[in-house]
Amino acid sequence: MQATKILKDEHRLIERVLVALQTASNRISQGAEISPIFFINAALFIKNFADECHHGKEEGVLFAAMSESGIRTEGGPIGVLLSEHEQARAFTKEMMDAAQKWEAGDSSMRTVVANNALGYISLLRVHIHKEDNILFPMADRLIPPAQQIKVNSDFERIGLAEADAGVLEKYTALAEMLENDSIK
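End of the sequence shown sits at 184 in my numbering; the numbers just go up one at a time, nothing left out.
Pasting the structure below:
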């Protein structure tokens, strides 16, 4: 199904940011100087791309179609992944809040920032693996063909709106900037 391919491709972009976050967080633990702005920008990428764009498509289109196809939400794989989305949002909010305090002069927030970044990274790596290897193949198998056409159509509509707004280009550029800034 085209929709799951799009989501997998978005995972690859998100993973690039995870690597940059890991590098920057490791540098903090080694005492290196790194700007809190790096983590603010990473949190903005996560909030605006990983959560709103990517998770928005999963939650608003794919998970809904899976649920309509009889895949349980409560106590099932969708419920687990939705819970992980909420955990990811909490890590991101805490990272952003701490990075803003650090930027305002509270250097004790460096550790809070790194800990939340590392928590997010750990969660997302497992989460992405579950979606790519379990949930998306399940969706491809269990969503009836007529409904798959609708899911793909919804993704195409969303993709056109995102393309008009330059979403992929903007967040690819931000990912590249984060990759470069994580090693400076």
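We put the beta carbon where it would ideally sit given N, CA and C, even for glycine. As the structure is a computational prediction, the values presented were derived from the model and not from experiment.
Asked	Found
When 46, 151 and 7 are compared against residue 120, the one with the closest alpha-carbon	46
Where the alpha helix (DSSP H) through residue 73 begins and ends	First-last for residue 73: undefined, no H or E at that position.
Three-state class that DSSP yields for residue 119 in the structure shown	helix
Contact check, residue 36 vs residue 102, beta carbons under 7 angstroms	yes
Under the three-state DSSP convention, the category residue 33 falls into	coil
Residue from 50, 7, 63 and 68 whose Cα sits closest to the Cα of residue 79	63
Within 7 angstroms, strictly: CB atoms of residue 87 and residue 123	yes
Between the CA atoms of residue 167 and residue 175 - distance to the nearest angstrom	12 angstroms
Residue closest to residue 138, alpha-carbon to alpha-carbon, out of 97, 29, 16 and 71	71
Buried or exposed (CB count within 10 angstroms, at least 16 for buried), residue 21	buried
Nearest-angstrom Cβ-Cβ length linking residue 2 and residue 155, presumed shorter than 8 angstroms	7 angstroms
Beta-carbon proximity check, residue 14 vs residue 50, cutoff 7 angstroms	yes
Residue 40 versus residue 179 - alpha carbon distance	14 angstroms
Under 7 angstroms between C-beta atoms of residue 113 and residue 90	no
Reference residue 161; option with closest CA among 23, 53 and 31	53
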